[in-house]
Each structure stands twice: as C-alpha cells, then as structure tokens.
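Count the sequence shown with my numbering and you get residues 1172 to 1261, in order.
Note that beta-carbon positions come from the ideal geometry of N, C-alpha and C, so glycine has one too.
So the structure is just underneath, and the comments pick up after that.
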Amino acid sequence: MYTINYMPPQENLMTHSVSVRLDDKTLNLLDKMTHIEDRSRSWLMAQAIKDYVANQMWQIEAIAQAVNKMDEGESKFVDHKQVEAWIDSW
C-alpha cells in the first residue's frame, strides 16, 4: 500500500516565528487535531489565523468604507422613528 501526499506550491515561502499562549484545554484539542489531520501544530495554527484574519478583514474594510462614505457626505440616513414605524408595519 502506498500513500502519496501532494502539497501544492505555496505562494510565499517567507515565514516568521511568533509565540502564542494557549490554555491546557485548547492545546490538548490542538494536539488531537495534529494526530487526526496529520499536520503540525504550526500548520494548524497558521491556517486558523489565516481564516480568522480573512473573516475579520472583510468586515473591518466594509465598516471603514461606510465610515468614509459618511465622512464624505455620500451616505443617506433615516430617522430612528421612521425605522421603528417601518418595522412595526410588518
């Protein structure tokens, strides 16, 4: 029986070391994942951070864009009472 593992080329091989502090429960779960997925702690943590950053960045950028539109006078606002009346009409 043979197993072939293919790892596609990475976009950027330049990496940096960082330290992270984890509680015992989280570290134990991470170690279980390393065995199940046959990946290193480092790889799993890097993936988790990449996913988190990507998820947060779109929200941060959307908020910044909305604030910029407001600052430039491009936003339209609706009075709170009008919104309440509209919601109550449902």
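Per-residue DSSP class, three states only, for residue i
i       : result
Trp1229 : helix
Glu1245 : coil
Met1204 : helix
Asp1195 : helix
Leu1215 : helix
Val1189 : coil
Asp1209 : coil
Asp1250 : coil
For residue j and residue i, the rounded distance between their alpha carbons
i       : j       : result
Glu1255 : Phe1248 : 14 Å
Arg1212 : Gln1230 : 28 Å
Ala1219 : Glu1232 : 20 Å
Leu1200 : Ala1237 : 39 Å
Lys1203 : Val1224 : 24 Å
His1206 : Ala1235 : 41 Å
Asp1259 : Asp1209 : 54 Å
Asp1250 : Trp1257 : 11 Å
Asn1226 : Val1191 : 20 Å
CA nearest to the CA of residue i, picked from the options
i       : options                               : result
Val1189 : His1206, Leu1201, Met1216 and Ser1246 : Met1216
Thr1186 : Ile1258, Lys1221 and Asp1259          : Lys1221
Leu1184 : Trp1214, Ile1234 and Asn1226          : Trp1214
Supposed contact pair residue j and residue i - C-beta distance, whole angstroms, cut 8 Å
i       : j       : result
Lys1240 : Ser1246 : 5 Å
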